[in-house]
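Just so you know, we're using my numbering here: the sequence shown kicks off at 408 and counts up by one. In this text, a Cβ means the ideal position worked out from N, Cα and C, and glycines have one as well.
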Amino acid sequence: MGCFLACHLYEQHMADTKAVQTLVLLTPPKAHIERLSKDKHIIQWALYGVFKLPWLFDVYRNKFDQVKGLQSSGIKQYFYQQGDDVKLKYRKFWQFKNNISNKSRTIIGYLLGWETVDWVKFNGVLTQTDMKQKIIIFGAEKDPIAPIENLEFYKQTINKECLRKVIILPDCSHNLCFDRPELVCENFQREVIDNSKL
């Protein structure tokens, strides 16, 4: 969902500055998440209720999910790689620490304030700037949170002159940078850093 924050930030504040040369989106979610729509009043009321009483969500997180440690849903869905590799386990623990550090109220507040990107307007901003904005999208072959089928929308919607590349990392899940950091770095070096020198 950081992809949407980046798109909002770019559209509202950064496009005019021409400071951004390449926008890199890592495992973008479904372009339109209907359940978080503001006209879904029951869901919005439920989120608001949990936002006001965050301990309700804490009960679920503490009693049912996070007690599973590295087998919790927040780890299993983010990592495809398995094994006893010490570095991989360290990265899983790091993700787990990040998960438990997030306050329930922050998570619910994020969902409550969710605003989808106006893709027509975003595309318009991309094409109006003097500098040709480059967008690179990274997807993960084994991502249950943001499946690669979601990327088809972005391929069809984002201006073809701006969408430079869609990279699908094999044997990788949602948290690309922790699951397959070597592939992310290799592709980022080649597609973003090396190409910015051209």
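| query | result |
| --- | --- |
| According to DSSP, A547 sits in a beta bridge with which residue or residues? | L576 |
| Enumerate in chain order the residues of its own chain whose CB-to-CB distance from K541 is below 6 Å, with the five nearest sequence positions on each side excluded. | T429, R571 |
| Cα separation between D472 and K510? | 14 Å |
| Counting only the same chain and skipping the five closest in sequence on each side, list residues whose C-beta sits under 7 Å from that of N530. | T564, I565, N566 |
| Could you check what DSSP says for V434 in three-state terms: helix, strand or coil? | The identity of residue 434 in the sequence shown is Thr, whereas the question assumes Val. Here T434 sits in coil by DSSP. |
| For Y497, is the classification buried or exposed, using 16 other Cβ atoms within 10 angstroms of its Cβ as the cut-off for buried? | exposed |
| For the alpha helix (DSSP H) holding T564, just list the boundary residues, first then last. | 558–564 |
| From the DSSP output, read off the bridge partner residues of K541. | T429 |
| Looking only at its own chain, which residues have a Cβ that is under 8 Å from the Cβ of L454, when we skip the five neighbours before and after it? | I515, L518, L519 |
| Looking at the unbroken alpha helix (DSSP H) that takes in G476, where does it start and where does it end? | Neither: G476 is in no alpha helix (DSSP H) and is coded neither H nor E. |
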